[in-house]
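Engineer: So the protein sequences, as listed, match chains V and A. Just so you know, we're using the working numbering here: the first sequence kicks off at 67 and counts up by one. Just so you know, we're using the working numbering here: the second sequence kicks off at 120 and counts up by one. All residues carry an ideal CB built from backbone N, CA and C; glycine is no exception.
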Amino acid sequence: MDALQEKIKEVVAHHGRERHNLLPVLQEVVEQERYLSDYAMTLIAEEMGISAADVYGTATFYSFMDTVPRGKYLIRVCKTITCYMKGKNQILMALEEALKIKLGETTPDKKFTLMETNCLGWCHKAPAMLINDDVHAELTVEKVHSLIKEYKERP
Amino acid sequence: MGKNILKRIDLIFKEEPDSKNVLKKTLSKSNDELINELIASGLKGRGGAGFPTGLKWKLTAESKSTEKYVICNADEGEPGTFKDREILTQVPYKVLTGMAVCGRIIGARKGFIYLRGEYKYLLKELNAEIKKFHAICDELGLKFRVEVFMGFGAYICGEESALFESMEGKRGEPRNKPPYPSDFGYLGKPTVINNVETLAHTFTIFQHGTDKFRELGVKDSHGSKLFSISGDTPTPGIYELELGMTVEDFVNDFGDGDTKAVQVGGASGFCVPRKKFRETRIGYQGKLTGISLPTGGSMMLFNSSRSMYNLLSNYLEFFTEESCGQCTPCRVGTQQLIEGIRAVKRGEKPASYLDKLLALTETMKATAKCGLGQSVANSFQSIVENFREEMIY
Numbered sequence: 067m068d069a070l071q072e073k074i075k076e077v078v079a080h081h082g083r084e085r086h087n088l089l090p091v092l093q094e095v096v097e098q099e100r101y102l103s104d105y106a107m108t109l110i111a112e113e114m115g116i117s118a119a120d121v122y123g124t125a126t127f128y129s130f131m132d133t134v135p136r137g138k139y140l141i142r143v144c145k146t147i148t149c150y151m152k153g154k155n156q157i158l159m160a161l162e163e164a165l166k167i168k169l170g171e172t173t174p175d176k177k178f179t180l181m182e183t184n185c186l187g188w189c190h191k192a193p194a195m196l197i198n199d200d201v202h203a204e205l206t207v208e209k210v211h212s213l214i215k216e217y218k219e220r221p
Numbered sequence: 120m121g122k123n124i125l126k127r128i129d130l131i132f133k134e135e136p137d138s139k140n141v142l143k144k145t146l147s148k149s150n151d152e153l154i155n156e157l158i159a160s161g162l163k164g165r166g167g168a169g170f171p172t173g174l175k176w177k178l179t180a181e182s183k184s185t186e187k188y189v190i191c192n193a194d195e196g197e198p199g200t201f202k203d204r205e206i207l208t209q210v211p212y213k214v215l216t217g218m219a220v221c222g223r224i225i226g227a228r229k230g231f232i233y234l235r236g237e238y239k240y241l242l243k244e245l246n247a248e249i250k251k252f253h254a255i256c257d258e259l260g261l262k263f264r265v266e267v268f269m270g271f272g273a274y275i276c277g278e279e280s281a282l283f284e285s286m287e288g289k290r291g292e293p294r295n296k297p298p299y300p301s302d303f304g305y306l307g308k309p310t311v312i313n314n315v316e317t318l319a320h321t322f323t324i325f326q327h328g329t330d331k332f333r334e335l336g337v338k339d340s341h342g343s344k345l346f347s348i349s350g351d352t353p354t355p356g357i358y359e360l361e362l363g364m365t366v367e368d369f370v371n372d373f374g375d376g377d378t379k380a381v382q383v384g385g386a387s388g389f390c391v392p393r394k395k396f397r398e399t400r401i402g403y404q405g406k407l408t409g410i411s412l413p414t415g416g417s418m419m420l421f422n423s424s425r426s427m428y429n430l431l432s433n434y435l436e437f438f439t440e441e442s443c444g445q446c447t448p449c450r451v452g453t454q455q456l457i458e459g460i461r462a463v464k465r466g467e468k469p470a471s472y473l474d475k476l477l478a479l480t481e482t483m484k485a486t487a488k489c490g491l492g493q494s495v496a497n498s499f500q501s502i503v504e505n506f507r508e509e510m511i512y
């Protein structure tokens with residue numbers, strides 16, 4: 067049994083094999099593996115006794131359920147109306163400059179992925195973005211550069 | 120601007136960590152008494168749809184089943200809304216207490232908070248609050264447990280039946296209604312599903328009685344409401360105001376002196392142009408004069424520097440991405456709308472094409488399966504009809 071198989075067995079045992087535990091299972095695997103590979107989805111299907119198509123169909127419905135490898139720090143910039151009005155494009159450009167990648171790409175060292183997302187619920191403090199689960203609001207170009215510098219220094 | 124015309128209310132965020140007392144008080148009353156209290160308060164769902172809360176609890180209480188659920192809908196995804204997060208941060212015990220009282224009334228021992236993935240950073244503290252709350256329940260002999268269920272980035276899961284599907288481990292695709300959640304909710308069991316703010320209001324009502332709640336607001340729209348205010352305003356933030364205010368008073372209070380339009384109720388709500396500020400009120404549909412707009416509390420202000428075309432285009436992009444894709448009117452309709460306004464803007468289609476698109480939104484309103492597809496018409500029609508020239512030139 068390989069490491070992923072063991073991990074999935076453990077996660078499914080923890081949450082339970084019933085279908086209504088599928089989301090928590092998927093979430094935990096994404097969190098630990100940084101994405102859901104086809105292999106992981108097949109293993110989850112086997113372990114929970116449902117079809118791989120069901121797992122794939124469910125997983126790909128949710129925008130946070132990444133099915134391609136992502137960086138250690140996943141940045142999601144809000145692009146919905148208030149953030150758009152308050153300069154999210156400049157924030158995006160600053161991020162592209164600081165990370166030397168384009169929107170949708172991952173840095174070669176696999177540390178950062180840059181994405182956009184819909185309304186984060188920080189409209190009163192726009193523009194805003196998430197880095198993994200952490201919220202960063204009232205962003206400015208300067209703030210973005212110092213934030214990225216700080217994250218680059220993290221392990 | 121900044122005239123403080125509208126009275127600021129301080130009920131929801133008022134620190135009253137009295138869960139135990141409120142629970143004790145409710146335990147001394149019968150279920151019927153409590154339901155009647157809630158119905159008498161006139162409290163309506165604060166998520167935006169405005170269904171009477173007392174009636175919802177009553178219907179679910181009457182449903183026969185040994186297994187029932189209480190769900191707090193914290194999938195706050197409507198653009199421009201951010202008040203529920205603040206309630207869960209500042210006064211989570213009010214929400215938990217409301218859930219427990221509901222559980223006792225309808226006969227449910229299990230509650231869930233469906234928290235949107237974007238708010239995951241709240242999870243640790245929320246779980247700690249839940250643990251404290253469980254201890255209070257145990258002390259009072261109340262068999263009730265609450266668990267957080269994490270969403271994962273899907274706006275549509277705020278729609279109640281899509282939320283159930285999501286909790287059941289499926290794609291968040293809305294169901295046909297009826298059956299309604301009071302008969303067939305999570306796992307097919309009778310379920311009460313309430314917005315975070317609605318549950319917080321039930322705490323106030325059970326704590327202070329119905330009068331304190333009813334003295335606020337206007338006929339058909341009782342009580343206060345949290346408003347998430349953003350956009351072109353010098354004072355963005357969360358404000359608790361009385362229902363029934365006119366958009367004009369609102370703009371005089373929160374505008375920047377150059378307000379061109381106010382979007383009431385988020386991307387799925389209505390865009391009110393300056394000429395209609397005076398005649399438009401914020402509240403539930405009733406016998407008020409003029410237009411009355413319901414809202415989950417999203418109020419976005421736009422000044423004259425904003426292009427209404429860009430605004431609509433941003434909303435449509437949002438809907439195109441967030442449509443679950445299950446029914447054709449919504450899946451194809453949202454895409455046709457965005458392509459359509461782009462084509463008119465580029466001059467590839469005549470201005471009269473906008474009328475075809477307006478007709479399409481009518482079709483979507485009549486035939487889409489859920490509120491998402493049906494409500495695209497709200498912003499589309501109110502923007503295109505009031506700012507037609509901006510769509511063309």
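Return the chain-ordered ranges of every beta strand (DSSP E) run that is complete within the stretch 385–452 of chain A and spans a minimum of 3 residues.
Structural biologist: Fully enclosed beta strand (DSSP E) runs of 3 or longer: 389–392, 399–401, 410–412, 417–422.
Engineer: Would you say ARG165 (chain A) faces chain V, with C-beta separation under 7 Å as the test?
Structural biologist: Cβ-Cβ to chain V under 7 Å: no for ARG165 (chain A).
Engineer: ASP203 (chain A) and VAL315 (chain A): beta carbons closer than 7 Å?
Structural biologist: Cβ atoms of ASP203 (chain A) and VAL315 (chain A): closer than 7 Å.
Engineer: Shortest alpha-carbon distance to THR183 (chain V) belongs to which of V:ASN87, V:LEU158, V:HIS81, V:ALA118?
Structural biologist: Measuring from the Cα of THR183 (chain V), the nearest candidate turns out to be V:LEU158.
Engineer: Any beta-carbon of chain V closer than 7 Å to the one on TYR240 (chain A)?
Structural biologist: Yes, TYR240 (chain A) counts as interfacial toward chain V.
Engineer: Using a Cβ cut-off of 8 Å, pull out every chain V residue sitting near MET419 (chain A), in sequence order please.
Structural biologist: The answer, in chain order, is ILE147, THR148, CYS189.
Engineer: Would you tell me roughly how many angstroms separate the C-alpha atoms of THR414 (chain A) and ARG165 (chain A), rounded to the nearest one?
Structural biologist: Taking the straight line from one Cα to the other gives about 8 Å.
Engineer: Using a Cβ-Cβ cutoff of less than 8 Å, which residues in the same chain neighbour LYS78 (chain V) once the five nearest sequence positions on both sides are dropped?
Structural biologist: Here the sequence assigns Val to residue 78 (chain V), which means Lys is not the residue at that position. Only ASN87, VAL91, ILE110, GLU113, MET114 meet the Cβ criterion.
Engineer: Shorter than 7 Å from the beta carbon of ARG85 (chain V) to some beta carbon of chain A?
Structural biologist: So, interface residue.
Engineer: Could you name the residues of chain D that TYR128 (chain V) contacts, counting a contact when the two beta carbons are closer than 9 Å?
Structural biologist: The chain labelled as chain D is not found among the protein chains of the depicted structure, namely V and A.
Engineer: Measuring alpha carbon to alpha carbon, tell me which of A:GLN455, A:PRO211, A:ALA380 ends up nearest LEU420 (chain A).
Structural biologist: Nearest C-alpha to LEU420 (chain A): A:ALA380.
Engineer: Would the stretch 170–190 of chain V and the stretch 129–140 of chain A be scored as touching if the rule is three or more Cβ pairs under 8 Å?
Structural biologist: No, the stretch 170–190 of chain V does not touch the stretch 129–140 of chain A.
Engineer: Which residue's Cα is closest to the Cα of PRO298 (chain A): A:THR216, A:LEU157, A:PRO355, A:SER182?
Structural biologist: Here the closest residue by C-alpha is A:SER182.
Engineer: Do you know whose CA, among A:VAL267, A:PRO469, A:GLN455, A:TYR512, lies nearest VAL495 (chain A)'s CA?
Structural biologist: The residue with the shortest Cα to Cα distance from VAL495 (chain A) is A:GLN455.
Engineer: Within 7 Å (strictly less), CB to CB, does LEU165 (chain V) reach chain A?
Structural biologist: False, the Cβ-Cβ gap to chain A never drops below 7 Å.
Engineer: In three-state terms, what does DSSP make of VAL220 (chain A)?
Structural biologist: Helix.
Engineer: What is the DSSP secondary structure of MET364 (chain A), counted as helix, strand or coil?
Structural biologist: Note: MET364 (chain A) maps to coil in three-state DSSP.
Engineer: Going along the chain, which residues of its own chain have a beta-carbon closer than 7 Å to the beta-carbon of ASP302 (chain A), five neighbours each way excluded?
Structural biologist: SER182, PRO309, listed in sequence order.
Engineer: Measure from the alpha carbon of ILE232 (chain A) to the alpha carbon of each residue in A:GLU197, A:GLU258, A:ASP257, A:TYR188, then state which is nearest.
Structural biologist: It is A:TYR188.
Engineer: Please identify the residue among A:SER340, A:ALA281, A:LEU207, A:GLU197 whose C-alpha is closest to the C-alpha of TYR403 (chain A).
Structural biologist: Out of A:SER340, A:ALA281, A:LEU207, A:GLU197, A:SER340 has the C-alpha closest to the C-alpha of TYR403 (chain A).
Engineer: With a threshold of 6 Å on Cβ separation, who are the neighbours of LEU407 (chain A) within its own chain once the five nearest residues in sequence on each side are excluded?
Structural biologist: Note that LEU407 (chain A) scores 46 on pLDDT, short of 50, meaning its location in the model is unreliable; the coordinates nonetheless yield the value given after this. Correct list, in chain order: ARG400.
Engineer: Consult DSSP for ALA111 (chain V) and reduce its assignment to one of helix, strand or coil.
Structural biologist: ALA111 (chain V): helix per DSSP, three-state reduction.
Engineer: Going by DSSP, what residues sit across from MET181 (chain V) in a beta bridge?
Structural biologist: Its beta-bridge partners are V:ARG142.
Engineer: Can you list, in chain order, the residues of the stretch 335–359 of chain A whose Cβ is nearer than 8 Å to any Cβ on chain V?
Structural biologist: Here the close residues are SER347, ILE348, SER349, GLY350, ASP351, PRO355, GLY356, ILE357.
Engineer: Please report the distance separating the alpha-carbon of GLY230 (chain A) from that of LEU178 (chain A).
Structural biologist: Each residue's alpha carbon lies about 17 Å from the other.
Engineer: Does the stretch 464–475 of chain A come into contact with the stretch 440–448 of chain A, if we say contact requires no fewer than three beta-carbon pairs (one atom in each stretch) closer than 8 Å?
Structural biologist: Flag = no, the stretch 464–475 of chain A and the stretch 440–448 of chain A do not touch.
Engineer: Three-state secondary structure (DSSP) at GLY492 (chain A)?
Structural biologist: GLY492 (chain A) falls in the helix class under three-state DSSP.
Engineer: Residue ranges of each alpha helix (DSSP H) run of no fewer than 4 residues wholly in the stretch 213–291 of chain A, ordered along the chain?
Structural biologist: Taking only runs of at least 4 residues, the alpha helix (DSSP H) segments lying wholly in the stretch 213–291 of chain A are 242–258, 279–286.
Engineer: State the beta-bridge partners of VAL95 (chain V) as determined by DSSP.
Structural biologist: Partner(s): none; VAL95 (chain V) has no beta bridge.
Engineer: May I ask which residues mark the beginning and end of the beta strand (DSSP E) holding THR200 (chain A)?
Structural biologist: Note, THR200 (chain A): premise wrong, no beta strand (DSSP E); not H, not E.
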